[in-house]
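Each residue of the sequence shown is one higher than the last, beginning at 2 in our numbering.
Think of the CB as a built atom: it goes at the ideal place given N, C-alpha and C, for glycine as much as any other residue.
Below is one structure; the comments refer to it alone.
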Amino acid sequence: MPEGVKPPESIYNCIPEEERKIEKPPLYMSKHRPAVLLESKSNKDARRTMGPAKIMVSPPDNYLKKHSTEARVSKNTPPSKHVRTVRKPPVPLRTEVPLMGIPTKKACLNTTVMVPKKPHPTIVDSNKGSKQLLENSGLVPKYSRKKDYGQVPEYLLQRNEEERIAQERHEDFLKEQREQASMKNLSEEERQAVLETLKKNWDKVHHEYQCLPLIIETLSRKTHKLRLEEAMTQLERDINLFERFKTIYIPSN
Numbered sequence: 002m003p004e005g006v007k008p009p010e011s012i013y014n015c016i017p018e019e020e021r022k023i024e025k026p027p028l029y030m031s032k033h034r035p036a037v038l039l040e041s042k043s044n045k046d047a048r049r050t051m052g053p054a055k056i057m058v059s060p061p062d063n064y065l066k067k068h069s070t071e072a073r074v075s076k077n078t079p080p081s082k083h084v085r086t087v088r089k090p091p092v093p094l095r096t097e098v099p100l101m102g103i104p105t106k107k108a109c110l111n112t113t114v115m116v117p118k119k120p121h122p123t124i125v126d127s128n129k130g131s132k133q134l135l136e137n138s139g140l141v142p143k144y145s146r147k148k149d150y151g152q153v154p155e156y157l158l159q160r161n162e163e164e165r166i167a168q169e170r171h172e173d174f175l176k177e178q179r180e181q182a183s184m185k186n187l188s189e190e191e192r193q194a195v196l197e198t199l200k201k202n203w204d205k206v207h208h209e210y211q212c213l214p215l216i217i218e219t220l221s222r223k224t225h226k227l228r229l230e231e232a233m234t235q236l237e238r239d240i241n242l243f244e245r246f247k248t249i250y251i252p253s254n
């Protein structure tokens, strides 16, 4: 049965229910409200000085009529006859002789002898006469005639040089690591000392293994027994290795 629904026979219906008063949280009031009100009031007050406070209203009988706001041209205005602003010079007479022999610095002969500009070669690429420059059409070998045609670009040479330097640095680093991790030969005295230490450790672990009880029931004792057996097995392998081989190398560090 969902919560809040009780059958008519329930005794809980006799318990008076208390009315829960819902308390509303206080109304949010921004701390910047006084500054906003002051700014809004100052903006409104600034516009009160634009134009006159009161405008004279036209009387009702002087209503707005058609074409009353358009500019009117007087019909009695005479047309203007003086259209030219500057008077042109008079035409020379037939008897006047022009002035000759005035010196000038302008090279008139060079102007006539100057070689005309050669037009750019073009190509017509359609039957309707549309044309384009021959140099940009792709029909002329432009790039294959350059001096650096077929040569490796400068940026590729620089990139290859950077890769070569990086490879050399990597090889030097690996060489240094190999030198640091180089092996050294173990002398006979050191080999015998390590062998004696391994045998002592084996005797110590074996003695501890012999002290275990015959009946092992708890999990901790079983784990301890397995740990001792693994240690003895590893020590036996190391002892066998040091006894079989006379020359043994170990890391120098």
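Three-state secondary structure (DSSP) of residue i
i: Asp-23; result: According to the sequence displayed, residue 23 carries Ile and not Asp. Of the three classes helix, strand and coil, the one that applies to Ile-23 here is coil, per DSSP.
i: Pro-252; result: strand
i: Pro-35; result: helix
i: Leu-242; result: helix
i: Asp-204; result: helix
i: Ala-108; result: coil
i: Lys-226; result: helix
i: Thr-113; result: helix
i: Cys-15; result: helix
i: Met-30; result: coil
i: Met-233; result: helix
i: Tyr-210; result: helix
i: Ser-221; result: helix
i: Ser-43; result: helix
Rounded separation between residue i and residue j - CA only
i: Glu-163; j: Pro-120; result: 48 angstroms
i: Glu-180; j: Phe-174; result: 10 angstroms
i: Leu-213; j: Glu-177; result: 51 angstroms
i: Pro-252; j: Lys-201; result: 24 angstroms
i: Pro-60; j: Val-87; result: 52 angstroms
i: Trp-203; j: Glu-237; result: 8 angstroms
i: Ser-183; j: Ile-240; result: 24 angstroms
i: Ala-72; j: Val-58; result: 22 angstroms
i: Tyr-64; j: Ile-56; result: 16 angstroms
i: Ala-194; j: Leu-220; result: 37 angstroms
i: Ser-31; j: Val-37; result: 10 angstroms
i: Thr-248; j: Glu-189; result: 8 angstroms
i: Cys-109; j: Leu-94; result: 29 angstroms
i: Leu-28; j: Asn-14; result: 38 angstroms
i: Arg-34; j: Glu-19; result: 40 angstroms
i: Ile-16; j: Lys-42; result: 58 angstroms
i: Val-153; j: Lys-185; result: 49 angstroms
i: Ser-145; j: Asn-161; result: 25 angstroms
i: Leu-227; j: Glu-191; result: 31 angstroms
i: Pro-99; j: Pro-90; result: 15 angstroms
i: Val-116; j: Lys-106; result: 21 angstroms
i: Arg-21; j: Ile-12; result: 21 angstroms
i: Thr-96; j: Asn-77; result: 48 angstroms
Anticipated Cβ contact below 8 angstroms, residue i with residue j, distance rounded
i: Tyr-250; j: Leu-187; result: 7 angstroms
i: Phe-243; j: Leu-199; result: 7 angstroms
i: Lys-118; j: Val-125; result: 21 angstroms between Cβ atoms; not a contact.
i: Leu-217; j: Lys-223; result: Rather than Leu, the amino acid found at residue 217 in this sequence is Ile. Contact holds; Cβ gap of about 6 angstroms.
i: Lys-129; j: Glu-136; result: That belief does not hold up - the Cβ atoms of Lys-129 and Glu-136 are roughly 22 angstroms apart, past 8 angstroms.
i: Thr-123; j: Leu-134; result: 6 angstroms
Just to confirm the assignment: which complete alpha helix (DSSP H) runs, minimum length 4, are found wholly within the region 117–199? Annotation note: the region 117–199 contains the following uninterrupted alpha helix (DSSP H) runs of length 4 or greater, listed N- to C-terminal: 155–181.
Indicate whether the contact test is met: 3 or more Cβ pairs, each with one atom in the region 162–176 and one in the region 227–241, closer than 8 angstroms. With the cut-off at 8 angstroms, the region 162–176 and the region 227–241 do not touch.
Pairs of beta-carbons, one from the region 139–151 and one from the region 192–211, closer than 8 angstroms: are there three or more? No: the two stretches stay apart, fewer than three of their Cβ pairs being nearer than 8 angstroms.
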